[in-house]
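Residue numbers (this note's numbering): 9 to 88.
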């Protein structure tokens with residue numbers, strides 16, 4: 009069973025059409041809730057939000073630190 013990831017839940021609050029940009033791939037959704045419901049094989053974070061052609065454009069980048077939450081839901085300690 010492959011591990012899948014969701015996007016930030018803040019996307020569910022967007023009621024306008026949404027464009028998700030991951031690298032060179034652009035995908036359009038009717039609203040943020042539909043975009044949020046998608047699952048991904050990598051963990052992404054929102055790096056930019058802007059408007060493009062009267063749509064909300066959300067640029068995603070791969071998370072540097074994937075395992076920043078422990079199994080019990082706490083943030084891991086950083087020693088750096």
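Here a beta-carbon is modelled for each residue, glycine too, at the ideal position from N, C-alpha and C.
- Counting only runs that start and end inside the segment 9 to 73, the beta strand (DSSP E) elements of at least 3 residues fall at 26 to 30, 33 to 37, 52 to 60, 63 to 70.
- Comparing alpha carbon positions, the residue from 66, 70, 64 closest to residue 51 is 70.
- Going by beta carbons, residue 29 and residue 40 fall outside the 7 angstroms limit.
- Its chain contains 12, 13, 14 as the residues whose beta carbon lies nearer than 8 angstroms to that of residue 47, once the 5 sequence neighbours on both sides are disregarded; these appear in chain order.
- A direct Cα-to-Cα measurement between residue 17 and residue 36 gives close to 17 angstroms.
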